[in-house]
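Asker:
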Amino acid sequence: MGLNVTYKDLKTLCEEILHAEGFPELTASDIVEVLLEADLRDIPSHGIARLGRYIKERERGNIRLDSEPQTIHNTPISALVDGMGGPGQCVSKYAMDLSIQKARNSMIGLVSVRNSNHYGISAFYSERALSEGMIGIAMTNSYPLVVPTFGKEAVLGTNPFSIAIPGENRDFILDMATSVVTRGKLEVYDRLEKEIPLGWAVDETGGDTSSPRKVLTNFNERNSGGILPLGGSGEAFGGHKGYGMAILVDLLSAGLSLGKWSAETYSGSEAGVCHFFGCISLELFGEPSALIGHL
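In our numbering, the protein residues as written are 962 to 1256.
(1) How close, in whole Å, do the beta carbons of Pro1249 and Gly1049 come, if the pair is a contact with beta carbons under 8 Å?
(2) What is the rounded straight-line gap between the Cα of Ile1082 and the Cα of Thr1166?
(3) Look up Asp1136 in the DSSP assignment and give the residues it is bridged to.
(4) When you compare only the Cα positions, how much space is there between Leu964 and Asn1066?
(5) Would the beta-carbon of Gly1254 fall within 9 Å of that of Gly1097?
(6) Helix, strand or coil for Pro1173? Go by DSSP, reduced to three states.
(7) Quick check on the DSSP output: what are the complete alpha helix (DSSP H) runs of length 4 or more inside the segment 1066-1130, in order along the chain?
(8) Step through the CB atoms of chain B and report whether any lies within less than 9 Å of the CB of Gly1247.
(9) Can Val1141 and Asn1120 be called in contact, C-beta distance under 9 Å?
(10) So Val1234 is in the beta strand (DSSP E); what residue range does that whole segment cover?
(11) Exposed or buried, what is His1034 when buried is set at 16 or more other beta-carbons lying within 10 Å of its beta-carbon?
(12) Is the number of C-beta pairs between the segment 1185-1195 and the segment 1203-1210 that are closer than 8 Å three or more?
(13) The alpha helix (DSSP H) spanning His1201 covers which residue range?
(14) Helix, strand or coil: how does DSSP classify Pro985 here?
(15) Could you compute how far the alpha carbon of Ser1242 sits from the alpha carbon of Ile1134?
(16) Look at Ala1162 and Asp1169 and say whether their C-beta atoms are less than 9 Å apart.
(17) Using the Cα positions of Arg1021 and Ala1125, report the straight-line distance between them to the nearest angstrom.
(18) Residues in the same chain with beta-carbon distance under 6 Å from Glu1244, minus the five sequence neighbours each way, listed in chain order, please.
(19) Identify, in the order they occur along the chain, each residue of the same chain with its Cβ nearer than 8 Å to the Cβ of Asn1023, setting aside the five sequence neighbours on each side.
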């Protein structure tokens, strides 16, 4: 028999768990807000099931709770932010809001971020621009989980991105990984003791596998094998296109911030995850109300 829990009660419980583990109240609130938003959208791979992950990463020293993000390069339309190892949700809200502020003043704001952590669902950040009637962009690199086209060693992250565009009747919101599937989805299948479809991932030999446990074990032990790029193996169904999109996300996040590439994340004392955020005012193209009415 299922247990019904209200949003408020679940949010309070999760915040209290994090607070008991040493997370400051506002930090815990930011993290839980993003996780619960994923569950509300039926994305359990990025929901409160990840709460334990953040606790473990704080214990390992990947997540620092004694630092604040720092803007280390600044122009009227752009910035480079050092997350200082802070929680990805807190760093990303800071950076996305910075890009929105720049767009308010100069019609466009672009912010690249280094030294952060896992930030949850990308759409949470791109959608922050919608309340301003602006276009929002959010993307991140991540732990190396994805095998390049024709390869067998994971050197790319799932590297998701999101774009949110305001519309008169309905906003357009795209949030997608550049891989066939995310690690969180494999974890869901593993918890349910279900096989994954062939074409999602390969084992250490580069061959197809239906075992989520095998893929997850290889990740944890840094063995070969991993998830396939969007489009699957080879070029027949466009796997090379997903590969290229993953590299694009890495270039805009790690490349522009002088941060860690996906293959380098979680290899030292800090996770080193990198993000990229953008906000674009419709005033760049004409009268915003007319454009929104057309979109």
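Quick reminder that beta carbons are idealized off the backbone N, C-alpha and C, glycines included. Keep in mind the model is a prediction, meaning the values are calculated, not measured.
Answerer: Looking at the coordinates:
(1) The pair is not a contact, with the Cβ atoms about 31 Å apart (cut-off 8 Å).
(2) 31 Å
(3) Beta-bridge pairing links Asp1136 to Ser1123.
(4) 48 Å
(5) no
(6) helix
(7) 1084-1087
(8) Considering every chain present, this structure includes no chain B. It has just one protein chain.
(9) no
(10) 1234-1242
(11) exposed
(12) yes
(13) 1200-1211
(14) coil
(15) 16 Å
(16) yes
(17) 34 Å
(18) Excluding residues within five positions, the ones whose Cβ falls inside 6 Å are Met1068.
(19) Gly1046, Asn1078, Tyr1227, Ser1230, Glu1231, Ala1232
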